[in-house]
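Colleague: Position 289, counted from 1, in the sequence shown is what UniProt numbering calls 289; the numbers after and before it change by one each time, with no gaps.
Here's a structure for you.
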Amino acid sequence: MKHVDILIIGAGISGSVLAERYASAGKKVLIIEKRSHIAGNCFDHYDENGILVSKYGAHLFHTNDEEVWQYVNRFTAWYPWEHKVIARVENKTVPIPVNITTVNTLFEENIETEDEMRAWLDANKIHFESPSNGEEAVLTRVGPVLYDKMFKHYTKKQWDKYPIELDASVLNRIPVRHNYDDRYFSDNYQALPEGGYTLLFQKILDHPNIEILLNTDYFDVKENYVGYEKLFYTGPVDRFFDFKHSLDEKLEYRSINFVKETVDAEFFQENSVVNYPGLDVPYTRIVEYKHFGNQQSKKTTIVKEFTVDEGDPYYPVPNSRNQEIYAKYKIEADKLSDVYFVGRLANYKYFNMDQAFKNALDLYHSLEMECVSKFES
Ligand code: UDP
1 MKHVDILIIG AGISGSVLAE RYASAGKKVL IIEKRSHIAG NCFDHYDENG ILVSKYGAHL
61 FHTNDEEVWQ YVNRFTAWYP WEHKVIARVE NKTVPIPVNI TTVNTLFEEN IETEDEMRAW
121 LDANKIHFES PSNGEEAVLT RVGPVLYDKM FKHYTKKQWD KYPIELDASV LNRIPVRHNY
181 DDRYFSDNYQ ALPEGGYTLL FQKILDHPNI EILLNTDYFD VKENYVGYEK LFYTGPVDRF
241 FDFKHSLDEK LEYRSINFVK ETVDAEFFQE NSVVNYPGLD VPYTRIVEYK HFGNQQSKKT
301 TIVKEFTVDE GDPYYPVPNS RNQEIYAKYK IEADKLSDVY FVGRLANYKY FNMDQAFKNA
361 LDLYHSLEME CVSKFES
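Here's what the structure looks like:
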């Protein structure tokens, strides 16, 4: 039996931020992490080619939130990185999000101005007053020809579901541009941590009040850790409750099978990320990590991403069926005092990195405010 003030399950964004906040406030914090490393899915390392690669897919930080931006800058330096993605569509290479160049290249148009682009979209799109699924979300913005070429099959490969089977929010993550802007995000702050994400997490967690137990499944040792003030759980919510509401219908997650190759050439592709929205290849995208931060190496490392059902859960699958199952777990979760469910898997929500930082910071603020008001009353 070991005494800790704050017990945290998982050393990803949510767990690390809460650990740092409580440790700085003088609490003794223990993080129990199943994997052999910190940083969750942001974990990166130098590979055999001397290239900084991410073990669980490229992570591009972007935010409009001042507080989050200031918070992450306390720990490490960030260099500006405006992420771009290109897609190979029927032997053509086009920017994604869809912009003027995308339409001109795919349909041999000569659009030059924003007004012409809006007119092209107006002539193609199918209007839905309030899109109720991913297909309607795309059709209402770009219409069926772009839907077929760029969204329908990519989504099927990524989720094993067509857009019609997913919430509109999934497809609405990607904007549509009426100009030539070929950046993937438009947030005020877009940057990558110098030296990588693992280093950032090492710095966040570098505090004498924080102890980290790696290679340990919380559910194997939980009897040894009782008597904490608060428990923050960042793993899959259904696992916490021993899958009790998933006997008939499982809460779905998507995982990714990362297939890594060394290519004996300076570069393999012209951009860090190339998407493959067609059915000609089974993977969704190829990431060439050397592009991030303009790294130097004689060879290059590429990673093909195949999204799969089994394996570490990375993505909750946003649709009404899963929301219904999740709602049952949420009721259970809300009944527990001093246990908090935080992050993408515990809240079953498709958060971006900055939202994960924000939610953890907000949770800390709200709990501390609560303590203050309880104390005052
Ligand atoms: N998507 C698509 N074609 C693309 C890129 C994305 O159809 O070339 C869809 C797909 O359903 C994906 C969603 O848009 O899940 C959101 O894309 P995002 O890049 O945000 O996905 P992530 O990087 O989080 O996997």
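Ideal Cβ placement from N, Cα and C applies to all residues, glycine included.
1) Just to confirm, are V317 and V303 a CB contact at a threshold of 9 Å?
2) Looking at ligand 1, does it come within less than 8 Å of P277, judged from the CB to the closest heavy atom?
3) How big is the Cα-Cα spacing for S373 and L367?
4) Any heavy atom of ligand 1 closer than 8 Å to the CB of T93?
5) Identify whether I8 lies in helix, strand or coil by the three-state DSSP scheme.
6) What three-state label does DSSP hand I331 in the structure shown?
7) Measuring CA to CA, which of R177, N104 and I204 is closest to G12?
8) Ordered along the chain, which non-local residues of its own chain (more than five positions away) have a Cβ less than 6 Å from that of E109?
9) Just to confirm, does R173 get its C-beta within under 8 Å of one of the non-hydrogen atoms of ligand 1?
10) Do W78 and L192 come within 9 Å of each other at the CB atom, strictly closer than that value?
11) Contact between the region 318-334 and the region 162-174: three or more CB pairs below 8 Å?
12) What is the DSSP secondary structure of V72, counted as helix, strand or coil?
13) Is there at least one non-hydrogen atom of ligand 1 closer than 8 Å to the beta-carbon of Q158?
14) Contact check, P163 vs V138 under 8 Å by CB: the rounded distance?
15) If you reduce the DSSP assignment to three classes, tell me which class T307 lands in.
16) List, from N- to C-terminal side, the alpha helix (DSSP H) runs of 4 residues or more that fit wholly inside the region 201-266.
17) Work out the CA separation of V17 and F375 for me, nearest whole Å.
18) Do the region 213-232 and the region 89-102 meet, that is, are 3 or more Cβ pairs less than 8 Å apart?
19) Apart from the five residues just before and just after D312, which ones in its own chain have a Cβ nearer than 7 Å to its Cβ?
20) For a test of your reading of the model: does the CB of P313 fall under 8 Å from any non-hydrogen atom of ligand 1? Yes or no.
21) Going by Cα to Cα distance, which pick from L279, E223, Y46 and K298 is closest to K2?
22) Under DSSP, the beta strand (DSSP E) around K161 begins and ends at which residues?
23) Can you tell me whether DSSP reads T63 as helix, strand or coil?
24) Taking DSSP as the reference, what is the three-state secondary structure of Q190?
25) DSSP three-state label for V145, please.
26) Just the C-alpha distance for Q295 and E82, rounded to the nearest angstrom, thanks.
27) Quick one: grab the DSSP three-state call for T301.
28) Are the CB atoms of N359 and S24 within a distance shorter than 9 Å?
29) When you compare the CB positions of D182 and P80, do they come within less than 9 Å of one another, or not?
30) Since N275 sits in a beta bridge, which residues does DSSP pair it with?
Modeller: Taking the coordinates as given:
1) The residue you call residue 317 lines up with position 317 of the sequence shown. The residue you call residue 303 lines up with position 303 of the sequence shown. Not in contact: V317 and V303 (Cβ atoms no closer than 9 Å).
2) Counted from its first residue, the sequence shown places residue 277 at position 277. Within the cutoff, so yes.
3) As a working mapping, residue 373 is identified with position 373 in the sequence shown. As a working mapping, residue 367 is identified with position 367 in the sequence shown. Note that S373 has pLDDT 48, beneath the 50 cutoff, so the model's placement of it is unreliable and no number is given.
4) Your numbering for residue 93 matches position 93 in the sequence shown. Because no heavy atom of ligand 1 lies under 8 Å away, the Cβ of T93 does not count as near it: no.
5) By one-based count along the sequence shown, residue 8 stands at place 8. Strand.
6) For the purposes of this step, residue 331 is identified with residue 331 of the sequence shown, where counting begins at 1. In this structure, I331 counts as helix in the three-state DSSP scheme.
7) Reading the sequence shown from its first residue, position 12 is the one you call residue 12. Ranking R177, N104 and I204 by Cα distance to G12 puts I204 first.
8) Within the sequence shown, numbered from 1, the residue matching residue 109 stands at position 109. V103, listed in sequence order.
9) Counting from 1 along the sequence shown, the entry for residue 173 is found at position 173. Yes, since a heavy atom of ligand 1 falls inside the 8 Å radius drawn around the Cβ of R173.
10) On the sequence shown, residue 192 is found 192 positions in, with the first residue counted as 1. On the sequence shown, residue 78 is found 78 positions in, with the first residue counted as 1. Against a cut-off of 9 Å, the Cβ pair of W78 and L192 comes out as a contact.
11) yes
12) As a working mapping, residue 72 is identified with position 72 in the sequence shown. Three-state result, V72: helix.
13) Mapped onto the sequence shown, residue 158 falls at position 158. The answer is yes for Q158.
14) The sequence position of residue 163 within the sequence shown is 163, counting from 1. The sequence position of residue 138 within the sequence shown is 138, counting from 1. About 6 Å separates the two Cβ atoms, so the contact holds.
15) Stepping through the sequence shown from its first residue, residue 307 is reached at position 307. Three-state DSSP puts T307 in a strand.
16) 218-221 and 237-240
17) Position 375 of the sequence shown, counted from the start, is the residue given in the question as residue 375. Position 17 of the sequence shown, counted from the start, is the residue given in the question as residue 17. The predicted model places F375 with a pLDDT of 41, which falls under 50 and marks its position as unreliable, so this point remains unresolved.
18) no
19) Taking the sequence shown and counting its residues from 1, the one referred to as residue 312 is at position 312. Answer for D312: S255, listed in chain order.
20) On the sequence shown, position 313 is the one that residue 313 refers to. Result no, Cβ not under 8 Å from ligand 1.
21) To locate residue 2, count along the sequence shown from 1; it is residue 2. Minimum Cα distance to K2 is reached at E223.
22) Position 161 of the sequence shown, counted from the start, is the residue given in the question as residue 161. Careful: K161 lies outside any beta strand (DSSP E) and carries neither H nor E.
23) Sequence index remark: in the sequence shown, residue 63 carries index 63 (1-based). The answer is strand: DSSP assigns T63 an E or B state.
24) Position 190 of the sequence shown, counted from the first residue, corresponds to residue 190. In this structure, Q190 counts as strand in the three-state DSSP scheme.
25) The residue you call residue 145 lines up with position 145 of the sequence shown. Here V145 sits in helix by DSSP.
26) Along the sequence shown, read from residue 1 onward, the residue named residue 295 stands at position 295. Along the sequence shown, read from residue 1 onward, the residue named residue 82 stands at position 82. The alpha-carbon atoms of Q295 and E82 are separated by roughly 16 Å.
27) Locating residue 301 in the sequence shown gives position 301, where the first residue counts as 1. Three-state DSSP puts T301 in a strand.
28) Within the sequence shown, numbered from 1, the residue matching residue 24 stands at position 24. Within the sequence shown, numbered from 1, the residue matching residue 359 stands at position 359. No.
29) Counting from one through the sequence shown, the residue named residue 182 turns up at place 182. Counting from one through the sequence shown, the residue named residue 80 turns up at place 80. Not closer than 9 Å, so no.
30) Residue mapping note: residue 275 aligns to position 275 of the sequence shown, counting from 1. In the DSSP output, where bridge partners are listed per residue, N275 has A87 and R285.
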